[in-house]
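Engineer: Below is one structure. I have some questions about it.
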Amino acid sequence: MSSRGSPSCFPEARRVAIFGGTHGNEMSGVTLVNMWIKNRAEIERSGLTARPFITNPRAVEKCSRYIDTDLNRAFTPENLSTPSGDGLPYEVQRAKEINQIFGPKGSPDAYDVIFDLHNTTSNMGSTLILESSTDHFNLQMVQYIKKAMAPESCMVLLNEHPHLKYSTSRSVSKHPIGLEVGPQPQGVLRSNIFESMRAIMKHALDFIELFNSGVEFPACSVEVFRVHERMDYPRDTNGNITAMVHPHLQDCDWEPLNPGDPMFQTFDGRTILYEGVSPVYPTFINEAAYYEKQQAFVTTRRETLAANSIRKTST
Amino acid sequence: MREGRGGVSAGSKVCSRLLLEEFRKTQARKTVSQHCSAEMEVVTLPVLHRMAVCGGTHGDEMTGVFLVPELERQRREKGDGIWPIALTTVLSNPRAIKECKRYVEKDLNRCFTSALLSSSITDSTPYEIQRAQELNSLLGPKETEDAIDIICDLHNTTANMGLTVISYSFSNWVCLHLFKYLKEKVTTVPVRLMLLDIPICDAYSLESVSKYGISLEAGPQPQGVVRADIFNFMKEAVNAVMDWIKIFNSGQVIEGGEVESYMVEKSIDYPRDPETQRPSAAVHPQLQDQDFCLLKPGDPMFLTFSGETVKYEGEPRHPIFINEAAYYEKGIAFHLAQKKNITIPSIQAKKD
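Protein chains in written order, with my numbering: chain A, 8 to 322; chain B, 243 to 594.
Here it is as structure tokens:
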């Protein structure tokens, strides 16, 4: 538990962005951002500017995840520093542009907070994704959102894994937050999923407004699920998938998977069991976009993080 | 999946009516008038010799994409004898499958009208029209004696449709009996029959190439995803189709009866923003996932992004294909169908 000493101080978060269409077929974010571009009333808060922005307009136009390469993996240091040119994949060029507008990544000029709106075909409900366990501003924000969304559940996924962490659009900001709501098929807009995402954004902006007005948020605990391991589908020697997520695991995101539990079912009906040493919490179970990334689901471990009390830096 | 819009497409060729009549005469010998439903006697039909199971007609509908190779694996392991009928398996749209997309240039499952099947191929002809003509050579030709007896085309939908058997209203008793049998045998999921009232020359989907074609539509499943529960009941359904063929071909009389069908009449689009033409509402939460329910005037239909409910105003009808991803570009939020009970006669295979 953190000490009862002085709170962690952060500057006011005045420059906030809301990204939609990082994957062009994830419709909640595309729809919300287009709506807010047309009419900002709902996202206006005193003390901050919330800028709605479509990150991958060509993919949105085509209603596909991406054109050349996944934009949400494109914000690597190599890509961001590569010289512009005609041969560059569309998303690499786009990553550089976004880094110019909302970054540069890692610099004092970068946006304070970026929310990146995503959908998943997995039964993850409302999920907030963090990239750091030591960003106390973000820890306090997700805890605030969770409490505000209750009794509707809101899970927190922490991806701080040295190999599995990836370079997201939102990572150009100082405080990146991913919003992942499912299940929703690609290219489909479901009303309940849309309204959940809208509610999360409302609470998130409320938090920032309160923070900027000088409210101090006391120390608290935040339950998170820390990314542990990526599990691929069983494949044959040609690389073809030979089994599907087992019916008992399908849709059971966030529920414990114990050693000996069914994990996959082959096309001819045999069961493959989970053979880990300890229980894990699987998520992103059967996400459509991850077949090509060799991921049937990701395992996580449940952890409680201590969030320091926070308030804005006094001037 | 297909649009439910009835009516003859403009510019369609005149159907080869003579061929069609000949075909029908050699198929069925009815012993009593069709209008006398009270005492229909047994209708004799020829034995069924050849069947095709097709997957990947839409390249991102994954049940068929995986079930077709699984059938081939069974053939390699156990031999052709495991099936009661000569079976051809087809991956209909290999280029779309490779890219995991519905289609590459044009929806393949709209390319099987008589007009498109006989159109000339040039360098600029879309890939799918060429592929449709190849499939017509392989499994047809449509409306001729040489056409394969049965096509079972496997599809998925993002709509909550369980297992829906889709056929055309011109189809013979075989399709309706197949549905009746599937409804009895597949119990893990609701099984319904959707009928399209379109004449054969305008029938645009792959299974219309065969003499007795059906689509098996399974959902809800996102595009690009294979769910084990859906795969399992689709496999069960394909096996049940083959069981029925075995029973039919044995010469047993197959009891007729009543089947309930949903005849598609029209489709409803999303409310759209007049400037951008983008949808300004989503399917209402109370209608979402309620495929085949009865939608009555005054029932909620859409929920706009500004929070207003748009209500249904029309005759009571059954919505199907509610919120199908692929239909956004076709301007369809859902189809509306009318329930119709159809009396089907007992049938019996006549050995040739």
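Beta carbons are placed, not taken as given, at the ideal position from N, Cα and C, and that holds for glycine. Just so we're clear, the structure is a prediction, and the values are computed from it rather than from any experiment.
At the level of alpha carbons, what is the spacing between lysine 572 of chain B and alanine 117 of chain A?
Structural biologist: Looking at the two C-alpha atoms, the distance is approximately 42 Å.
Engineer: Rounded to whole angstroms, what is the Cα-Cα separation between asparagine 32 of chain A and isoleucine 136 of chain A?
Structural biologist: Whole-angstrom Cα-Cα distance: 19 Å.
Engineer: Please list the partners that phenylalanine 291 of chain A has in chain B, where partner means a Cβ-to-Cβ separation under 9 Å.
Structural biologist: Residues of chain B passing the Cβ test: none, with the nearest at roughly 12 Å.
Engineer: On the DSSP letters alone, give me the boundaries of the beta strand (DSSP E) that aspartate 123 of chain A sits inside.
Structural biologist: Run containing aspartate 123 of chain A: 120 to 126, per the beta strand (DSSP E) assignment.
Engineer: Using only the alpha-carbon positions, how far apart do serine 180 of chain A and alanine 24 of chain A sit?
Structural biologist: Answer to the nearest angstrom: the Cα atoms are 9 Å apart.
Engineer: Please list, in chain order, the residues of the segment 312 to 328 of chain B that have any C-beta partner in chain C closer than 8 Å.
Structural biologist: As a matter of chain content, chain C is missing from the structure shown, whose protein chains are A and B.
Engineer: As a quick exercise: from B:Ile390, B:Leu287, B:Asp395, B:Lys343, pick the residue whose alpha carbon is nearest that of glycine 306 of chain B.
Structural biologist: Comparing Cα-Cα distances from glycine 306 of chain B to each of B:Ile390, B:Leu287, B:Asp395, B:Lys343, the minimum goes to B:Asp395.
Engineer: Cα separation between lysine 45 of chain A and serine 457 of chain B?
Structural biologist: If you take the alpha carbons of lysine 45 of chain A and serine 457 of chain B, they lie about 42 Å apart.
Engineer: Under 7 Å Cβ-Cβ, which residues of chain A neighbour histidine 526 of chain B?
Structural biologist: Within chain A, the residues near histidine 526 of chain B are Ser198.
Engineer: I want to see whether chain A comes within less than 7 Å of glutamine 532 of chain B, judged by CB atoms only; does it?
Structural biologist: Chain A, which has no Cβ nearer than 7 Å to the Cβ of glutamine 532 of chain B, makes this no.
Engineer: What residues from chain B crowd round aspartate 275 of chain A, counting only those whose CB sits closer than 9 Å?
Structural biologist: Going along chain B in sequence order, the residues near aspartate 275 of chain A (Cβ under 9 Å) are Glu312, Arg315, Gln316, Glu319.
Engineer: For proline 254 of chain A and chain B, any beta-carbon pair shorter than 7 Å?
Structural biologist: It does: the Cβ of proline 254 of chain A has a partner Cβ on chain B nearer than 7 Å.
Engineer: Under the three-state reduction of DSSP, which class applies to phenylalanine 576 of chain B: helix, strand or coil?
Structural biologist: In the structure shown, phenylalanine 576 of chain B sits in a strand (DSSP, three-state: E or B).
Engineer: Can you have a look at lysine 272 of chain B and say buried or exposed, based on whether 16 or more other CB atoms are within 10 angstroms of its CB?
Structural biologist: Any answer about lysine 272 of chain B is weak, because its pLDDT of 39 lies below 50 and its placement is not dependable; what the coordinates show is given next. It counts as exposed.
Engineer: Around the Cβ of glutamine 519 of chain B, are there at least 16 other Cβ atoms within 10 angstroms (buried) or fewer (exposed)?
Structural biologist: That one is exposed.
Engineer: Going by DSSP, what residues sit across from asparagine 398 of chain B in a beta bridge?
Structural biologist: DSSP, once it has assigned bridges, lists B:Ala460 as partnering asparagine 398 of chain B.
Engineer: For glutamate 314 of chain B, which residues of its own chain have a beta-carbon under 7 Å away from its beta-carbon, when the five flanking residues on both sides are left out?
Structural biologist: Within the same chain, glutamate 314 of chain B has close Cβ partners Thr331.
Engineer: Which residues does DSSP pair with asparagine 583 of chain B in a beta bridge?
Structural biologist: DSSP output for asparagine 583 of chain B lists B:Glu502 as bridge partner(s).
Engineer: How big is the Cα-Cα spacing for threonine 473 of chain B and proline 368 of chain B?
Structural biologist: It should be pointed out that residue 473 of chain B corresponds to phenylalanine in this sequence rather than to threonine. Rounded to whole angstroms, phenylalanine 473 of chain B to proline 368 of chain B spans 31 Å at the Cα level.
Engineer: State whether the segment 345 to 353 of chain B contacts the segment 366 to 382 of chain B, with contact taken as three or more CB pairs (one from each stretch) at a distance under 8 Å.
Structural biologist: Contact holds: three or more Cβ-Cβ distances are below 8 Å.
Engineer: Am I right that aspartate 257 of chain A and arginine 469 of chain B are in contact with their C-beta atoms under 8 Å? What's the rounded C-beta distance?
Structural biologist: For the sequence presented, residue 257 of chain A should be read as glutamine rather than aspartate. That pair is a contact at about 6 Å.
Engineer: Using DSSP bridges, identify the partner residues of phenylalanine 17 of chain A.
Structural biologist: The partner list for phenylalanine 17 of chain A (beta bridge, DSSP) reads A:Lys319.
Engineer: For the 8 Å Cβ check, are there 3 or more pairs between the segment 297 to 306 of chain A and the segment 230 to 243 of chain A?
Structural biologist: Touching, yes, given that three or more Cβ pairs across the two stretches are closer than 8 Å.
Engineer: How is the beta strand (DSSP E) around asparagine 64 of chain A delimited, first residue to last?
Structural biologist: In the sequence under discussion, the amino acid at residue 64 of chain A is proline, which differs from the asparagine named in the question. Premise fails: proline 64 of chain A lies in the alpha helix (DSSP H), 64 to 69, not in any beta strand (DSSP E).
Engineer: For threonine 38 of chain A, which residues does DSSP report across the bridge?
Structural biologist: BP columns for threonine 38 of chain A are empty, so no partner.
Engineer: Residues in the segment 547 to 575 of chain B with C-beta within 7 Å of chain A's C-beta atoms, listed in sequence order?
Structural biologist: So the close ones are Phe547, Asn565, Ala567, Tyr570.
Engineer: Apply the 10 Å Cβ neighbour rule to alanine 328 of chain B and answer buried if 16 or more other Cβ atoms are within range, or exposed otherwise.
Structural biologist: Alanine 328 of chain B comes out exposed.
Engineer: Is the segment 296 to 304 of chain B touching the segment 337 to 344 of chain B, taking contact as three or more C-beta pairs under 8 Å?
Structural biologist: Contact holds: three or more Cβ-Cβ distances are below 8 Å.
Engineer: Give the C-beta separation of glutamate 500 of chain B and threonine 585 of chain B to the nearest angstrom, bearing in mind that I take them to be a contact with Cβ-Cβ under 8 Å.
Structural biologist: Going by Cβ atoms, the distance from glutamate 500 of chain B to threonine 585 of chain B rounds to 6 Å, so yes, they are a contact pair.
Engineer: Looking at the unbroken alpha helix (DSSP H) that takes in leucine 309 of chain B, where does it start and where does it end?
Structural biologist: Here the alpha helix (DSSP H) through leucine 309 of chain B covers 304 to 320.
Engineer: Do you know how far the Cα of serine 139 of chain A is from the Cα of serine 174 of chain A?
Structural biologist: For serine 174 of chain A and serine 139 of chain A, the distance between alpha carbons rounds to 13 Å.
Engineer: Residues of chain A with CB under 7 Å from threonine 400 of chain B, in chain order?
Structural biologist: Result: Pro192, Val195.
Engineer: Go through its chain and collect everything with a Cβ distance to leucine 146 of chain A's Cβ below 7 Å, but skip five positions before and after it.
Structural biologist: Contacts found: Val229, Leu312, Ala314.
Engineer: Tell me whether arginine 72 of chain A is buried or exposed, calling it buried when 16 or more other Cβ atoms sit within 10 Å of its Cβ.
Structural biologist: Looking at its Cβ environment, which holds 16 or more other Cβ atoms inside 10 Å, arginine 72 of chain A is buried.
Engineer: Using CA coordinates, which residue listed in B:Gly466, B:Ala389, B:Tyr410 is at the minimum distance from proline 441 of chain B?
Structural biologist: Taking only the C-alpha atoms, the option nearest proline 441 of chain B is B:Tyr410.
Engineer: Which class does proline 190 of chain A belong to by DSSP, given the choice of helix, strand or coil?
Structural biologist: In the structure shown, proline 190 of chain A sits in coil (DSSP, three-state: anything other than H, G, I, E or B).
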